[in-house]
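Colleague:
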RNA sequence: GGUCGCGUGGCCGAGUGGCUAGGCAGCGGUCUGCAAAACCGUCUACGGCGGUUCGAAUCCGCCCGUGACCUCCA
């Protein structure tokens, strides 16, 4: 059986065996957020997906350099390559400095990533911190003849480039088709070709964020930052480049073009794209106005939500679908995920209390192999989770005395949980709302439940049920066991 | 209009040319004073019409529906 890791490569439109360029090192670049507004849940999905990919690569023993940029300049609205970028516009709106906008939403982004238990990237470079690298790259592209300057703005010459390379290879599009689908030029445009995009944009007198360049004061185009920073930290050709599927046709296509035009090498060996989060079948996006913010989800403070869901439930919910599939968002689906997540975590707690047996009625080795098989097949987390629920069944059955686990089984199961549930899927126990209770409250609940136990022994069920009902109303869940009770808030 | 996808049981969501993922919900049972939890069993689907095949939900064709991208968006 082939046990090597397979990755679906957008460039080839098929799964390929993953062979790093310089093993054991792996370079991975993921397009990070544009920090001019709060990240919504759809954005989060991409970063959670790549967090699991990063974690699995680490688990396999690769020395991974994970680069995820922060776009803090140069991102224009619309297709007009003029005027202020998103940060300056937002700054005017909120009456702040552009860099205050950047700071505010960068911190917010990191906060959300922390809440979702994602690992920090190895390097998190910013566009504004790499202006000179971008300028150098643009100069190189111009001298290679694939870009031209007009009134202080530099455009990438797509038609020229297409004579030597395949421009639309990532999305399998032909130049003629692309040209057909593009709208007419506005008239006062300075571009030669309608597909040409800006590498450097000349500043207007009122532009706030601008830098000096060989072409005068200006700011970089959006696509060049990722090419420049990927090259700087991971080399001219690196292993994996990831991002959302919406970036495929434009951003990543242009990244490839820039790198080819600059260095005459393909920048990336494996392109990976995560699919969109949808709401009622339509893509969640900023512009559509159907975005959920993470904190709205946690608190339930949103018109479409009946109540809140914890960050780990959301993470589990996302891991239950494959990263290349769309995932639809609904109360019902979240509730199902919540139940499943709790079952998984509770079984993990039960596992720690199990005693071993001299015999074994289960096959943990096979289970473990199945888990690896699932992850090796293009990070198939839903299949992994299906296998983990087999572990749940085994644990709970053993707890009921219906399966027998020997010492090795217990060790292997604990190891399985640590590896896949916690290290790879990146799940952790939710902070129960009541976990910060003082010991006194817990003692009091124990006291009350001990009184209830006495009532039960005396067959005074009216009293025992009353106590249970009242405590349930207060949010304390009671489970009777053979000779006692368990409770949680 | 062009490119690329998708259509799976009540819901979410994998996968596969024959061996009926998984979670949630439902139903029946075991356990329990009753619950809860847990376990066992049950329900067993692949848009429509053709074709290839011993055999297709899985491959091919057509049709219908739906989505993404082609314009900023993870």
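Numbering (this note's numbering), first residue to last: 77 to 565. All C-beta atoms, glycine included, are put in the ideal place defined by N, C-alpha and C.
Using only alpha-carbon positions, find the residue among 345, 233 and 497 that is nearest to residue 457.
Modeller: With distances taken between Cα atoms, residue 457 lies closest to 497.
Colleague: Taking the C-alpha atoms as reference points, what is the distance between residue 433 and residue 186?
Modeller: For residue 433 and residue 186, the distance between alpha carbons rounds to 46 Å.
Colleague: Helix, strand or coil for residue 368? Go by DSSP, reduced to three states.
Modeller: If DSSP states are grouped into helix, strand and coil, residue 368 belongs with coil.
Colleague: Got a sec, what are the start and stop residues for the beta strand (DSSP E) residue 555 sits in?
Modeller: It spans 553-557 - the beta strand (DSSP E) in which residue 555 sits, taken as one unbroken run.
Colleague: If you draw a straight line from the C-alpha of residue 24 to the C-alpha of residue 199, how long is it?
Modeller: Outside the modelled stretch of the chain, which goes from 77 to 565, sits residue 24, for which no answer is possible.
Colleague: What residue from 364, 366, 365 and 387 has the CA that sits closest to residue 375's CA?
Modeller: Ranking 364, 366, 365 and 387 by Cα distance to residue 375 puts 387 first.
Colleague: Just list the residues that DSSP pairs residue 348 with in beta bridges.
Modeller: Residue 348 pairs with 318.
Colleague: Look at the Cβ atom of residue 103, then the Cβ atom of residue 314, and state whether they are nearer than 8 Å.
Modeller: Against a cut-off of 8 Å, the Cβ pair of residue 314 and residue 103 comes out as a contact.
Colleague: Taking the alpha helix (DSSP H) that residue 144 belongs to, which residues open and close that run?
Modeller: Note, residue 144: premise wrong, no alpha helix (DSSP H); beta strand (DSSP E) at 139-144.
Colleague: If you pair each beta-carbon of the segment 102-117 with each one of the segment 312-326, do three or more pairs fall below 8 Å?
Modeller: Yes, the segment 102-117 touches the segment 312-326.
Colleague: So for residue 298, helix, strand or coil by DSSP?
Modeller: Of the three classes helix, strand and coil, the one that applies to residue 298 here is helix, per DSSP.
Colleague: In whole angstroms, what separates the C-alpha of residue 260 from that of residue 231?
Modeller: Only weak support is given to the placement of residue 260: the predicted model assigns it a pLDDT of 48, under 50, and the question is left unresolved by the model.
Colleague: Provide the residue span of the beta strand (DSSP E) that contains residue 106, from first to last.
Modeller: Run containing residue 106: 101-106, per the beta strand (DSSP E) assignment.
Colleague: Is residue 413 near residue 389, with beta carbons less than 8 Å apart?
Modeller: In contact: residue 413 and residue 389 (Cβ atoms closer than 8 Å).
Colleague: So the alpha helix (DSSP H) residue 466 belongs to, where does it begin and stop?
Modeller: It spans 457-475 - the alpha helix (DSSP H) in which residue 466 sits, taken as one unbroken run.
Colleague: Going by DSSP, what residue range makes up the beta strand (DSSP E) through residue 219?
Modeller: Counting along the chain, residue 219 falls outside any beta strand (DSSP E), though it belongs to the alpha helix (DSSP H) covering 207-219.
Colleague: Distance, Cα to Cα, residue 155 vs residue 267?
Modeller: Reliability fails at residue 155, whose pLDDT of 44 lies under 50, so the model's placement of it is uncertain and the value that follows must be treated cautiously. Looking at the two C-alpha atoms, the distance is approximately 12 Å.
Colleague: Taking buried to mean at least 16 other C-beta atoms within 10 Å of its own C-beta, is residue 171 buried or exposed?
Modeller: Counting Cβ neighbours within 10 Å, residue 171 comes out exposed, since fewer than 16 surround it.
Colleague: Going by other Cβ atoms of all chains shown within 10 Å of its Cβ, with 16 needed for buried, is residue 97 buried or exposed?
Modeller: The residue is exposed, with fewer than 16 neighbouring Cβ atoms inside 10 Å.
Colleague: Note down the Cα distance separating residue 99 from residue 133, rounded to an integer number of angstroms.
Modeller: When rounded, the distance between both Cα atoms is 12 Å.
Colleague: In its own chain, which residues sit with a C-beta less than 6 Å from the C-beta of residue 115, not counting the 5 before and 5 after it?
Modeller: Once the five neighbours on either side are set aside, the close Cβ partners of residue 115 are 109, 185 and 188.
Colleague: Could you give the distance in angstroms between the alpha-carbon of residue 511 and the alpha-carbon of residue 385?
Modeller: In this prediction, residue 511 scores a pLDDT of 46, lower than 50, which makes its location untrustworthy; no coordinate-derived value is stated.
Colleague: By DSSP, does residue 192 sit in helix, in strand, or in coil?
Modeller: Residue 192: coil per DSSP, three-state reduction.
Colleague: Find out if the Cβ-Cβ distance for the pair residue 181, residue 113 is shorter than 8 Å.
Modeller: Cβ distance < 8 Å, so residue 181 and residue 113 count as in contact.
Colleague: Tell me which same chain residues have a C-beta within less than 6 Å of the C-beta of residue 447, skipping the five on either side of it?
Modeller: Same-chain partners within the cutoff: 460, 463 and 496.
Colleague: Look at the alpha carbon of residue 550 and the alpha carbon of residue 543, and state the distance between them as a whole number of angstroms.
Modeller: Going by the C-alpha atoms only, they are around 11 Å apart.
Colleague: In or out: residue 391 buried (at least 16 other Cβ within 10 Å) or exposed?
Modeller: Residue 391 should be labelled buried.
Colleague: Under the three-state reduction of DSSP, which class applies to residue 520: helix, strand or coil?
Modeller: Three-state DSSP puts residue 520 in a helix.
Colleague: Beta-carbon within less than 6 Å of residue 202's beta-carbon, same chain only, minus the 5 sequence neighbours each way: which residues are those?
Modeller: Contacts found: 146 and 148.
Colleague: Tell me the residue span of the alpha helix (DSSP H) that contains residue 424.
Modeller: Taken as a continuous stretch (DSSP letters only), the alpha helix (DSSP H) holding residue 424 covers 407-429.
Colleague: In the structure shown, what three-state DSSP assignment does residue 363 receive?
Modeller: Residue state, collapsed to three classes: coil.
Colleague: Any idea which residues DSSP pairs residue 183 with across the strands?
Modeller: For residue 183, which the question treats as bridged, DSSP gives no partner whatsoever.
Colleague: Answer with buried or exposed for residue 509, where buried requires no fewer than 16 other C-beta atoms within 10 angstroms of its C-beta.
Modeller: Low per-residue confidence applies at residue 509: pLDDT is 48, beneath 50, and the placement is therefore not dependable, though the value from the model is reported in the following sentence. When all chains shown are included, residue 509 counts as exposed.
Colleague: With distance defined between alpha-carbon atoms, name the residue in 216, 293 and 284 nearest to residue 277.
Modeller: Per the Cα distances, 293.
Colleague: Tell me, please, which residues DSSP counts as bridged to residue 287.
Modeller: Residue 287 is bridged to 294.
Colleague: Starting from residue 504, follow the beta strand (DSSP E) in both directions and report where the run begins and ends.
Modeller: Here residue 504 belongs to no beta strand (DSSP E), and DSSP marks it neither H nor E.
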